[in-house]
Structure formats: C-alpha cells, structure tokens
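Participant: No gaps in the numbering here: position 188 of the sequence shown is 278 in the working numbering, and each next residue is one more.
Right, I'll just put the structure down here and ask away after.
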Amino acid sequence: MFLKFKSEVESLLQDAIKAAGYKVETLCLETSDYADLASSVAFRLAPKYKKSPGRIAEDISQKIRIPEKTLVERAEAKGPYINFYVNMEFLNQTALQILKEGGKYGSLPKKDKRIILEHTSTNPTGPLHVGRGRNPIIGDTLAMILRCAGYDVEIQYYVNDMGKQVATIVWGYDNIEQKALQKLERDKPDYDIVRYYRKATQIVAEHPDAESQIAQILGRYESGNASTIEKFRTVVNKCIDGQRQTLERLDITFDRYVWESQFVIDGSVKKVLEKMKKTKYIKREDGALALDLTSFGVEKDFVLTRFNGTTLYTTRDVAYHLWKFEHADVVINVLGEDQKLSMEQLKCALKILGLKKEPRIVFYSFVSLPEGRMSTRKGVVVNLDDLLDEACERAYIEVQKRRPELSEKEKRKIAEVVGMGAVRFDIIKVAPEKMMTFKWEDALDFEKQGAPFIQYSHARACSILKKAGKIEHGFDSSLLTAPEEIALIKKMALLPSMVDSAAQDLKPYVVATYARELAETFNQFYRAVPVLKAEDTLRDARLALVDCARIVLANVLGLLGITAPESM
C-alpha cells in the first residue's frame, strides 16, 4: 500500500512542479519523522531558479491538487520540505491487505529477469571461519530479498577445485601419514582436510622439491588425467560436505555448485585464451600470458597463464562469468574487499572480449572478534562452527533464566533458534562495506538491538492471539485511532517498499533496520494500548492489528533467514 501511496505522491508532485513553472529530473522523496513522505526537491531547484528553498516549496505546495479517490490526506510546505500524509483509507487498506496476503505480504509482482547470485565460494581447504562468515549470510539474505522482490534467482557456489591449494591437499593425502597430523579438532570432514593442508604447506616450505610435485599434480588434473581427477573430486567433495553442514545450521543452501574445472574440460577457457591472444592487450613475460590493462586505468597486469602454460583461477573466472551471462540477465557476486582489484581486472577482461554487461559486486569487510584477525594457513583461526556453538550456549543461558519451567529439549530448541538468529542478524544489520567486530552483548540483546528482541516481539504477538481465541465481532480499522496504533499500521505498510529498496540497491541491512524498528513500534503499541482488556469491537480491531504485526514480523524475519518462534 505504501508503494501505491508513493506512486500517487509522485504523480501529484510532478504535476505541481510543472504547474509552478519548474523543471527537475528527480523528486527527492524519502520517509520522514514529520511526514509519511517528504520531498526535498526545493533544495535541488534553488540554485537554478535563484530562489530560497522555502519559497520554492511553498510555490509547489500551492499547486498540489488532491483528487477524491486517493490515499493522500493532505500536502503542505514545511520550510524547504513538501510533506505528504496518508488518509484513513490507506490505514484501512493496509491492514486488510496484510490479513488477506498473510505470508505473502511484502512480496512484489514477478519480474521478467533472471539473476545468478554467487556467494561463499571459499577455497575447499578446510572449515569456514568467522572472518569470511559475512559472505554466506549476506548472499543468502540478498537472495531471499531478491526473490521476494519478484526476481528469478539461482544461488551458485563456485567450486575452486583447480587451485594450487587443492593440489597441495591431494599431495598431502598421498604423502603424509596420519600420525604426522595434528589431532582432529571436530568430527567433520572439512576439519580432516585442513589438517592435511596445514601439514603439507609446512612441508612445502621446508622442502622445495615438493613444490614441483604439486605443480605436476595440478598439470595432470588440468590435462584430464582420470586418476588425478578422482583424487581432486574426493578431496573437494569432502571439504564442501563439511562446509555444507555448517551452513545448514544457518539455513543456508545453494541451488547449484559450479566447478571451475568444467570450463577447462568443455574448452571454454581455451576459447577465452585464443580470443585474448588476438587482442592488442596481450603480453608475454617469461612464457606467461597476461593482459596489459593500463589503458583502463589498472596498473597491475591480469595474468592468464603460468610460465608452463597452465591456466590460473583468474582465467577460469572469466570463462565462468561469460557462462553466467549466457544464463542470466543480471550477475551478482558477494566478495571480500580483498577482491576489489581482481574484480576490476575481470571487468576489463570482459570488456576486451566484447561483453556489454558487467557483474554487480557486493563487497564486504571481514568480521573480526575482539581476539583479532584470523588466518587459515597458519592455523590461527576461529571457525564458524565454534561461533555457532558459542551462540547456542549463550542463548541457552538466557532461555534458562527466562523460561526455567521448560523441558531441557524445549530450552535447547529455543536456544538453537535464538543463537542462529543472533548470528545472522548481527552480521546482516551492518552495511557490508563497514568493518565490524562481532560482540555477544549486541548479538544476544533481548531488549532492543539484537534478533532475540525481534523474535520475542513475534512470540509476544502469538501469545496475545493464543490467549484471546477467536475474533468474534469482525474487524473495523476505523476504531484504531490511538497514535501507537496508527504508527504501527504505517510501519507495517513500509515492508514492500523496504523490499523494493533493498533489492534495487543490494543492501540487505535496510531490511534488518526495518525489522528492528517494526519490533520497537509493536512494543510501543503493546505497552500503550490495552488489547485483551479492551471492549468488544475495539478489542477485536486491536487483536486484528496484533495479528497483522505477527504476520509482518514473521515475514521480515523470514527475509533475514531467521526463524520466527511462537514461544520464547
């Protein structure tokens, strides 16, 4: 309903600007603390027409003509701003729409656009660690928001199976005895893999001849040697299986795993190299092939092959992106900020090959803990599994305090739901490009900031409805006149707009911020307005409003990949 209101405001404002004798390309509309929608367009017009913003806002507001059948109650100039307000029909239609659409409320019409969204795609060398824990959570949340916005989204994990690191692990399995390995930290296959990786890396540093053996293994894999392929596949699948177990705790799954070796086997990489060799950007150094990108403003060469002719990840990534654009209208990658240069190089390579499109990239800064930075290679690492276990244990302590009467099984179940929600929300609530330190006191905040606060608001709504039983007298939204009731309806009306904004700008934290604000608004309503003790039809109207809040809280938590519990 808010999107309809916004559309009506845009139309009224465009007509008024024209009638007032002004011309402008953007209407500068935004939500405001003082109005349901406000336009700051007068600031943009002031320099051009040499008038004060306040005078221009007044000129425009005097030309606004509100028709009878509209969701706009009134419009007025307030200093340099033009403020618009919704009417009672807006409030009524919003509540009815939520009750009618239920779990689908917030979803936008289907769009004729297919998106391939790639996220996580970590090297299969061991368990996922906290530092890159933002990647799968950002990617998965974005996918759900985009689907809610009407897009056809396929989530892909690009399996880096041809790198030197995997060849190192294969060498390790062939050459290292079990007794030489460190103790298995956790009974998961990815933890076994990382033992071989760490030990093999240590041996290679001490024995240079092992380096050449690893290079030979990699060469045999790229040339299609059957036994080598089987070894690589076994190692990689083992590691991915362990990582998958971790991500499933966070309810993160993938639609397709794409192996980079596919593009060598099917000849795509060879075709890319042949095309590159014919361009003016190609250069050779000591047998290696590279692209000179200085004409694009990129100083560092984009290396395509090693001196021995084997291709690099970068080359195969070009082939992968060409393939993605053959199968999708939009390509989105979620990547760490350390990949900025390589993505600039990739975009240049795609332009050289004549591709008119380029991928949209969501870069994220790495998560840190108060203990400091992490490194897989050195073994100084905080694994994501450890963080998730700790989240559940800390959540259990909170559940124990608040619900001691529950059975042990129920406490553990709620603790898992709360713990996983806490991790997801605390990571997603921060803009990806901003650095963040994961803090338990914020993540497990039941009072205002964390996911438990939002989950608890949903559980509270469920509890009220359970106590009330059936609504006997129907729903009359005209009875909902208290400021807290109106504020709650207006806040709930914003969900489709939040979905639209987050999808267009690829900013999932917008939805997280909205979820917290919605929970705050619901709690303000609950504290200020009696529900169960209200009389007859007013009681039923307020119960219907609580049901609306339950629906919208569940929907927005679902968009964030967080369970909406009925009891906490």
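Virtual Cβ for every residue (Gly too), placed ideally from N, Cα, C.
Please read these numbers as outputs of a predicted model, since none were measured by experiment.
Measuring CB to CB, does V457 end up less than 8 Å from G221?
Facilitator: Against a cut-off of 8 Å, the Cβ pair of G221 and V457 comes out as a contact.
Participant: Over the uninterrupted beta strand (DSSP E) stretch that includes E163, give me the two end residues.
Facilitator: Element bounds for E163: 162 to 168.
Participant: Starting from I172 and walking both ways along the beta strand (DSSP E), at which residues does that stretch end?
Facilitator: Run containing I172: 171 to 176, per the beta strand (DSSP E) assignment.
Participant: When the Cα atoms are used, what is the spatial distance from D251 to N177?
Facilitator: C-alpha separation (whole angstroms): 59 Å.
Participant: Go ahead and pull the three-state DSSP assignment for F392.
Facilitator: Strand at F392.
Participant: DSSP puts F453 in a beta bridge; with which residues?
Facilitator: BP columns for F453 point to L425.
Participant: Between the region 317 to 335 and the region 381 to 389, do at least 3 Cβ pairs fall closer than 8 Å?
Facilitator: Taking 8 Å as the limit for Cβ pairs, the verdict is that the region 381 to 389 does not touch the region 317 to 335.
Participant: Give me the Cα-Cα distance between L445 and G509, rounded to the nearest whole angstrom.
Facilitator: Distance between the alpha carbons of L445 and G509 is about 44 Å.
Participant: For the candidate residues Q306, L93, T231, E320, whose alpha-carbon lies nearest to that of L127?
Facilitator: Of the listed residues, the one whose Cα sits closest to L127 is L93.
Participant: Return the chain-ordered list of same chain residues with a C-beta closer than 7 Å to the C-beta of T369, the five sequence neighbours on each side being excluded.
Facilitator: If we look at T369 and ignore the five residues flanking it on each side, its Cβ neighbours are I442.
Participant: Starting from R374, follow the alpha helix (DSSP H) in both directions and report where the run begins and ends.
Facilitator: From DSSP, R374 is part of no alpha helix (DSSP H) but of the beta strand (DSSP E) over 372 to 375.
Participant: With 16 as the cutoff for other CB atoms within 10 Å, does R450 come out buried or exposed?
Facilitator: With fewer than 16 other Cβ atoms within 10 Å, it is exposed.
Participant: If you run the structure through DSSP and keep just helix, strand and coil, what is Y112?
Facilitator: Looking at Y112 - three-state DSSP - the assignment turns out to be coil, as it is neither helix nor strand.
Participant: How many Å lie between W530 and D419 at the Cα?
Facilitator: Between W530 and D419, the C-alpha separation is close to 40 Å.
Participant: Out of L379, R606, I154, point me to the one whose CA is closest to T404's CA.
Facilitator: Of the listed residues, the one whose Cα sits closest to T404 is L379.
Participant: Taking the C-alpha atoms as reference points, what is the distance between E483 and S497?
Facilitator: So the two alpha carbons sit approximately 16 Å from each other.
Participant: For A106, I'd like the list of residues in its chain whose CB is within less than 6 Å of its CB, leaving aside the five on either flank, ordered along the chain.
Facilitator: These residues qualify, in order along the chain: I150, K153, I154.
Participant: Quick test of the definition: if touching needs 3 or more C-beta pairs under 8 Å, does the region 521 to 530 touch the region 582 to 589?
Facilitator: Flag = no, the region 521 to 530 and the region 582 to 589 do not touch.
Participant: Out of A639, A109, R164, E574, which one is the CA nearest neighbour of R550?
Facilitator: Out of A639, A109, R164, E574, A639 has the C-alpha closest to the C-alpha of R550.
Participant: Could you name each continuous beta strand (DSSP E) segment of 3 residues or more that falls completely within the region 118 to 159, going from the start of the chain to the end?
Facilitator: You should have 127 to 129.
Participant: Using the Cβ count rule (16 or more neighbours within 10 Å means buried), how would you classify G262?
Facilitator: Under this definition G262 is a buried residue.
Participant: Would you mind stating whether P598 and I518 have Cβ atoms separated by less than 8 Å?
Facilitator: Contact flag set, yes.
Participant: Here's the rule I'm using: 16 or more other beta-carbon atoms within 10 Å means buried, otherwise exposed. How should K623 be labelled?
Facilitator: The residue in question, K623, is exposed, as its Cβ has fewer than 16 Cβ neighbours within 10 Å.
Participant: Nearest-angstrom Cα distance between A593 and Q268?
Facilitator: Distance between the alpha carbons of A593 and Q268 is about 49 Å.
Participant: Considering only their Cβ atoms, is the gap separating A233 from L207 smaller than 8 Å?
Facilitator: Closer than 8 Å, so yes.
Participant: Where does L474 land, buried or exposed, given buried means 16+ other C-beta within 10 angstroms?
Facilitator: It is buried - the Cβ of L474 has at least 16 other Cβ atoms within 10 Å.
Participant: Quick test of the definition: if touching needs 3 or more C-beta pairs under 8 Å, does the region 357 to 367 touch the region 299 to 307?
Facilitator: The answer is no - the region 299 to 307 does not touch the region 357 to 367, with fewer than three Cβ pairs under 8 Å.
Participant: Using the Cα positions of V243 and I544, report the straight-line distance between them to the nearest angstrom.
Facilitator: Distance between the alpha carbons of V243 and I544: 27 Å.
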